[in-house]
Amino acid sequence: MHEFSIASGLVEKLLDFAEKNPDKKIVEIRVAIGEFTQIEEEQLSFCYESIITEMPIAGSRLTIEPILGQVACPHCSYSGLPKYWEGALSGPPVATLECPACGKAAGIIAGEDCSIKSIRYVQRENASVDR
Ligand SMILES: [Zn+2]
């Protein structure tokens, strides 16, 4: 359960934020997810929602912003978008570490992590006005 541990990590950070800002109600969290993380967006949203139901941040929405992967090749000095493997019967093409220019092994330079981009909140006093 890769997604579950990622979601737990995000929730932990949000709870920390909520604790330090008791006057703010979190309504949305925006997360950037790199292509190479292999995180499934639907799975992550599902895990997130099931974790927060009993928490002070319940009702907040998780928005996922996919980040394209990029690779750099030490053999031919290519750098840019990775080569995609489209042999899978279902699902989107999978980014590979094969250099699109020379076919040797390239290294990841972008798209291998997952980070919180922003947290959107409302002041608690105004929470009812927003409805
Ligand atoms: Zn190359």
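Using our numbering, you'd call the opening residue of the sequence shown number 366 and step up by one each time. Where a beta carbon is used, it is the ideal one built from N, C-alpha and C, also for glycine.
In the DSSP annotation of this structure, ALA383 is not part of any beta strand (DSSP E); the continuous alpha helix (DSSP H) holding it starts and ends at 367-385.
Counting along the chain, GLU407 sits inside the alpha helix (DSSP H) bounded by residues 406-417. Excluding the 5 residues flanking it on each side, ILE394 has same chain C-beta neighbours closer than 8 Å at LEU375, LEU379, SER425, ARG426, LEU427, THR428, ILE481, SER483, ILE484, ARG485, in chain order. If you ignore the 5 residues before and after ILE391, its C-beta comes within less than 8 Å of the C-beta of LEU379, PHE382, ALA383, ILE422, SER425, ILE484, ARG485, TYR486, all in its own chain and listed in chain order. At least one heavy atom of ligand 1 lies less than 6 Å from the C-beta of ALA466.
When secondary structure is reduced to three states using DSSP, THR402 falls in the helix class. Between THR461 and LYS469, the CB-CB gap reaches or exceeds 7 Å.
At the C-beta level, ALA372 and CYS412 come within 7 Å of one another.
Contact check for TRP450 against VAL436 fails: the beta carbons are separated by 7 Å or more.
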